[in-house]
Each structure stands twice: as structure tokens, then as C-alpha cells.
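Asks: For what it's worth, this note's numbering labels the leading residue of the sequence shown as 353, then goes sequentially.
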Amino acid sequence: MRIAKVTGMIVRIRLRKEFRHASYRRNWSDNFIVRCQLEDGTVGWGEGVPRTYVTGESPESALHQLAVTDLRSQIGAKCLTWKEVLDVCSAYRPHVETDDPRGCMANAHRCALELSVLDAYGRLFEQSLRRVVEWLPESAGIRRHCARVQYSTAINSGKIGKEILSSLAMRIYGFSHCKIKVGMNPELDPQRLRSIRRWIGNTMDLRVDANEAWTVDEVIRRIQALGPFNLSAVEQPVPHAGVACLARVRRNVKTAIMLDESLTGQEDAQRAIDEGLCDLFNIRISKCGGFLSSIRLAAVAHNAGLGYQLGCHPGESAILSAAGRHFATSIGGVHYCEGSADGHLLKDHFAQRPLTFGYGGWANAIDGFGLGIHVDQRKMSPLIQKSNTFAIS
Ligand SMILES: [Mg+2]
Numbered sequence: 353m354r355i356a357k358v359t360g361m362i363v364r365i366r367l368r369k370e371f372r373h374a375s376y377r378r379n380w381s382d383n384f385i386v387r388c389q390l391e392d393g394t395v396g397w398g399e400g401v402p403r404t405y406v407t408g409e410s411p412e413s414a415l416h417q418l419a420v421t422d423l424r425s426q427i428g429a430k431c432l433t434w435k436e437v438l439d440v441c442s443a444y445r446p447h448v449e450t451d452d453p454r455g456c457m458a459n460a461h462r463c464a465l466e467l468s469v470l471d472a473y474g475r476l477f478e479q480s481l482r483r484v485v486e487w488l489p490e491s492a493g494i495r496r497h498c499a500r501v502q503y504s505t506a507i508n509s510g511k512i513g514k515e516i517l518s519s520l521a522m523r524i525y526g527f528s529h530c531k532i533k534v535g536m537n538p539e540l541d542p543q544r545l546r547s548i549r550r551w552i553g554n555t556m557d558l559r560v561d562a563n564e565a566w567t568v569d570e571v572i573r574r575i576q577a578l579g580p581f582n583l584s585a586v587e588q589p590v591p592h593a594g595v596a597c598l599a600r601v602r603r604n605v606k607t608a609i610m611l612d613e614s615l616t617g618q619e620d621a622q623r624a625i626d627e628g629l630c631d632l633f634n635i636r637i638s639k640c641g642g643f644l645s646s647i648r649l650a651a652v653a654h655n656a657g658l659g660y661q662l663g664c665h666p667g668e669s670a671i672l673s674a675a676g677r678h679f680a681t682s683i684g685g686v687h688y689c690e691g692s693a694d695g696h697l698l699k700d701h702f703a704q705r706p707l708t709f710g711y712g713g714w715a716n717a718i719d720g721f722g723l724g725i726h727v728d729q730r731k732m733s734p735l736i737q738k739s740n741t742f743a744i745s
């Protein structure tokens with residue numbers, strides 16, 4: 353069975369409220385969505401969330417890459433087994449028109465295309481996306497089926513009064529892990545953390561994400577100032593350009609360091625390991641180039657004695673939520689799980705049933721073929737900004 357055609361789309365999804373952190377603010381998300389149709393009419397869906405400040409991609413560049421890549425030679429092979437599908441996905445190299453030393457400038461594009469292909473063949477083979485993990489030799493040391501996962505919650509930079517209410521709400525809702533966005537107003541962060549810790553309770557696992565906000569000169573001082581609040585990790589404390597300082601930072605602070613913007617793929621991962629830059633990887637499926645490369649990155653972290661979390665991009669629809677759920681229920685050792693919050697964060701939905709986590713952040717593994725979700729094209733149509741279809745076979 354071959355792929356008959358792929359359609360790339362820029363889909364604008366409205367957020368329930370403006371999302372802000374130290375690098376960006378927005379109240380909508382332009383996602384790159386791919387519809388893959390096999391010769392027998394079987395359809396699969398994939399999604400990427402291109403962010404220029406993370407991988408250098410834009411929704412337009414992700415769509416453009418479909419037009420300038422020789423799709424027929426790259427994804428036109430006949431596939432009858434998972435191994436053949438995985439070979440096609442792993443060998444896929446979209447055309448990138450600019451310098452790409454970190455190999456990340458097509459990651460959201462790759463993610464959307466790969467998920468659509470895996471979803472389509474999963475439906476054809478009548479198997480879940482989780483089965484793919486068994487076909488990846490690299491995953492041997494981390495495979496573990498979990499029936500359910502507990503997602504982490506987050507508190508973004510806001511007013512102290514609002515953060516107290518959020519802290520109480522997260523505590524009552526039964527979450528076990530909470531990430532706090534810091535760095536918008538660094539002098540106020542210790543005060544914010546003190547208040548949040550007081551109201552959210554001592555048993556909640558708290559970590560912070562600085563989104564590259566601190567300078568190389570101040571980073572140790574900033575982390576030490578948050579020391580009294582018992583943080584389990586600090587995510588991306590400095591801009592990627594200054595990430596080399598983190599080996600020294602790790603020797604001077606007790607809090608674990610997690611890379612996010614500086615962890616987009618194998619090149620970044622190898623550098624982080626070689627230079628001792630972090631304790632944890634933040635693996636976001638879109639940022640890291642898809643389901644397969646994300647599983648491989650988790651294996652790389654595991655083999656290097658590092659931890660990893662499943663991250664997400666605000667604005668992810670049920671497509672990436674489903675991919676994340678399969679990731680989190682297929683492998684063990686995931687320190688924190690983020691995502692599956694589309695029901696809370698988005699105004700627009702095009703999946704037939706929500707995937708949003710329930711009380712305590714708990715959510716079950718997804719059954720069904722491929723991604724295990726049904727995309728309603730009628731609901732998606734009004735959200736499409738641009739689309740382009742390419743015949744493959
Ligand atoms: Mg982050």
C-alpha cells in the first residue's frame with residue numbers, strides 16, 4: 353500500500369486565554385496539520401506546532417517545505433509492514449532552504465507528516481500507534497506499557513492574587529506536579545514562589561521554566577534565590593546561545609537542570625551529554641521532530657543516565673495530545689507529563705471526543721487504531737488558513 357496524497361494545512365486554533373511567557377505571548381495558535389491518504393482511501397492525521405523561537409520554523413515555512421521536497425521519492429514507497437513504514441519515516445528529509453546546523457528547522461513539519469503517515473498505516477494495519485515502539489530497536493531499554501498517566505499542571509506568570517487561587521485550585525484538583533513559568537519579572541519570582549508553595553502545599557512537586565530569561569552571569573544567583581521553595585527542576589534557565597555555562601551551573605546548584613529550547617534533536621542531545629549540560633531533557637514531540645525521534649531521544653537520555661519529561665506546546669490539538677498519550681503510555685521513566693489540556697486551553701476543537709485529562713491530571717491509555725482519535729473535517733474546515741495538496745502515487 354502506498355500513500356496516494358498528502359494535504360498540508362495551516363490551521364488557526366483560538367486559545368481560551370492569552371498565553372504568556374518570557375519569550376512570547378499569543379491568544380491563538382497556527383498549527384501545521386497534515387492529512388495523509390493511502391491508495392485505499394485510509395486517512396491519517398498529523399500535527400506540528402512550528403515556533404520560530406524554538407526550531408526556527410513558521411507555519412508558512414512548514415507548508416512550503418512540502419512544496420519544495422521531492423515527496424514522491426521520499427515517501428512514495430510501497431509499505432506492507434511497520435518496519436517499512438518506519439524506514440520511510442526515519443529516512444524522510446524535507447528540503448530546508450536555510451543553514452540548519454542543529455538539524456531542527458523542519459522538526460514541526462516532520463512531526464506533522466510522520467504522525468499522519470503513522471496514523472494512516474496504523475488504521476490500515478488495525479493497530480495502535482503504541483505498537484510502533486516495539487519496532488524501534490532503540491526503545492528496548494525503556495518500553496513499558498502504562499494503563500494511565502498523570503499529567504502535570506502549570507501556572508503562568510500572573511498577578512499574586514490570581515496565582516493563590518490557581519495554587520489552591522491545583523491542590524484541590526489533585527495534581528502531583530506543577531510547573532511555574534518564571535523570568536517575566538525576575539525580582540518578583542522568589543516572592544511568587546513563596547506564595548505558590550504556601551498555597552499549593554509541600555507535597556506538590558514544583559519546578560520552574562525560565563524560557564531562556566536569565567543571563568549567563570545571573571543564572572546561578574537566580575536559581576539559588578528559588579532554593580528555599582524545594583524545586584525539583586529548572587527548565588531552560590538561559591538562552592540557547594549561552595547554554596555552555598550550564599555545566600558550571602550544575603556544579604553550583606542542587607536543582608536539576610532541564611533543557612527545552614536547547615534540546616531539539618540528536619545533535620543537541622549529544623552536545624548536552626558530551627558537555628554535561630543538563631539532568632533532564634524536555635521532549636516535546638513537535639519540537640523534537642515527531643514520535644519516532646522523540647522515543648529515540650528518550651532512549652538516548654536513558655542510556656546516558658539522564659531523565660526526561662514529555663513536554664507540549666500550548667495550542668496543541670487532540671492530534672498531538674493523542675501522540676503524547678501514546679508516548680507516555682508506551683515508555684517508562686517519564687519524570688513529568690505535560691499536555692492533553694486541549695479541553696482547558698482551546699476554544700476550537702475538531703476531534704470527536706476530548707482527550708483532556710481528568711481529576712488529578714489522570715488520563716487513560718488510548719485504544720483504537722493509529723492515533724485512536726477521529727478528526728471531524730467539517731469542524732476543521734473553517735479554521736484552515738491555507739492548504740495545499742500533493743499527489744504522491
Ligand atoms: Mg519550556
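Beta carbons: idealized from backbone N, C-alpha and C, even for Gly.
1) Helix, strand or coil: which one does DSSP assign to P584?
2) DSSP puts W380 in a beta bridge; with which residues?
3) State the beta-bridge partners of S645 as determined by DSSP.
4) Where does H687 sit, in a helix, a strand or coil, going by DSSP?
5) L481 to G722, Cα distance in whole Å?
6) Would you be able to state if there are at least three C-beta pairs under 8 Å between the region 387 to 402 and the region 459 to 470?
7) Give a yes or no on contact between the region 590 to 601 and the region 424 to 436, applying the rule of three or more CB pairs nearer than 8 Å.
8) On the CB-based measure, 16 or more other CB atoms within 10 Å of its CB, does A624 come out buried or exposed?
9) Cα separation between A621 and A596?
10) Whose beta carbon lies closer than 6 Å to any heavy atom of ligand 1, going through the chain in order?
11) Let me confirm a value: G684 is counted as buried when at least 16 other C-beta atoms fall within 10 Å, else exposed. Which label applies?
12) Could you give the DSSP three-state label for W434: helix, strand or coil?
13) Measuring CA to CA, which of C630, H654 and N563 is closest to P538?
14) List in chain order: all unbroken alpha helix (DSSP H) runs of 4+ residues lying wholly within the region 409 to 481.
15) Tell me whether the beta-carbon of T741 lies closer than 8 Å to the beta-carbon of T505.
16) Can you have a look at N634 and say buried or exposed, based on whether 16 or more other CB atoms are within 10 angstroms of its CB?
17) Hey, quick one: how far does the alpha helix (DSSP H) through G513 stretch, first residue to last?
18) Is the separation between the beta-carbon of D700 and that of R366 shorter than 8 Å?
19) Report the partner residues of I355 according to the DSSP bridge assignment.
20) With DSSP as the reference, label D561 as helix, strand or coil.
21) For Q704, which option in M732, G710, I516 and E449 has the closest C-alpha, if you only look at C-alpha atoms?
22) Terminal residues of the continuous beta strand (DSSP E) containing W551?
23) Tell me where the alpha helix (DSSP H) around R574 begins and ends.
24) Give every residue of the same chain whose Cβ lies closer than 7 Å to the Cβ of R730, excluding the five residues on either side of it in the sequence, and list them in chain order.
25) So L578 and D612 are in contact, right, with Cβ under 8 Å, and what is the actual spacing, rounded?
26) DSSP beta-bridge partners for Q502?
27) Should H726 be labelled buried (16 or more other beta-carbon atoms within 10 Å of its own) or exposed?
28) Classify A464: buried if its beta carbon has 16 or more other beta carbons within 10 angstroms, exposed otherwise.
29) Measuring straight from C-alpha to C-alpha, what distance separates G695 and L707?
30) Pull the bridge partners of S739 from the DSSP assignment, please.
31) Among the candidates D422, Y525, E466 and G663, whose CA atom is the shortest distance from the CA of M556?
32) What whole-angstrom Cβ distance do W434 and V484 have, given they're in contact under 8 Å?
33) Kindly list the residues whose CB is nearer than 6 Å to the CB of I736, restricted to its own chain and excluding five residues on each side of it in sequence; keep chain order.
Replies: In brief:
1) Note on identity: in this sequence residue 584 is Ser, with Pro being the wrong assignment. In the structure shown, S584 sits in a strand (DSSP, three-state: E or B).
2) In the DSSP output, where bridge partners are listed per residue, W380 has R366.
3) Checking the DSSP bridge columns, you'll see S645 has no partner listed.
4) Taken through DSSP and simplified to helix, strand or coil, H687 comes out as strand.
5) Those two C-alpha atoms are separated by around 5 Å.
6) Counting Cβ pairs under 8 Å, three or more are found: they touch.
7) Counting Cβ pairs under 8 Å, fewer than three are found: no touch.
8) So A624 ends up on the buried side.
9) Taking C-alpha positions only, A621 is separated from A596 by approximately 13 Å.
10) With 6 Å as the limit, the residues whose C-beta approaches a heavy atom of ligand 1 more closely than that are D561, N563, E587, Q588, D612 and N634, in chain order.
11) G684 comes out exposed.
12) In the displayed model, W434 falls within a helix according to three-state DSSP.
13) Here the closest residue by C-alpha is N563.
14) List check, alpha helix (DSSP H) in window: 411 to 420, 423 to 427, 434 to 443 and 459 to 477.
15) Taking 8 Å as the Cβ cut-off, T741 and T505 do not qualify as a contacting pair.
16) Buried, because 16 or more other Cβ atoms sit within 10 Å of the Cβ of N634.
17) Element bounds for G513: I512 to Y525.
18) Yes, they are a contact pair.
19) Note: I355 sits in a beta bridge opposite L390.
20) Strand.
21) Looking from the CA of Q704, the closest CA among M732, G710, I516 and E449 belongs to M732.
22) W551 -> not in any beta strand (DSSP E); alpha helix (DSSP H) instead, spanning D541 to I552.
23) Start and end: V571 to A577.
24) Sequence-distant partners of R730 (beyond 5 residues in either direction) whose C-beta falls short of 7 Å from its own C-beta are missing from its chain.
25) About 17 Å separates the two Cβ atoms, so there is no contact after all.
26) Paired residue(s): W714.
27) Taking all protein chains in view, the Cβ of H726 is surrounded by fewer than 16 other Cβ atoms within 10 Å, so the residue is classified as exposed.
28) It counts as buried.
29) Counting only the Cα atoms, L707 lies some 8 Å from G695.
30) Bridge partners of S739: M361.
31) Put simply, of D422, Y525, E466 and G663 the residue whose alpha carbon is nearest the alpha carbon of M556 is Y525.
32) At roughly 6 Å, the Cβ-Cβ gap stays under 8 Å, so W434 and V484 are in contact.
33) Answer for I736: M361 and V363, listed in chain order.
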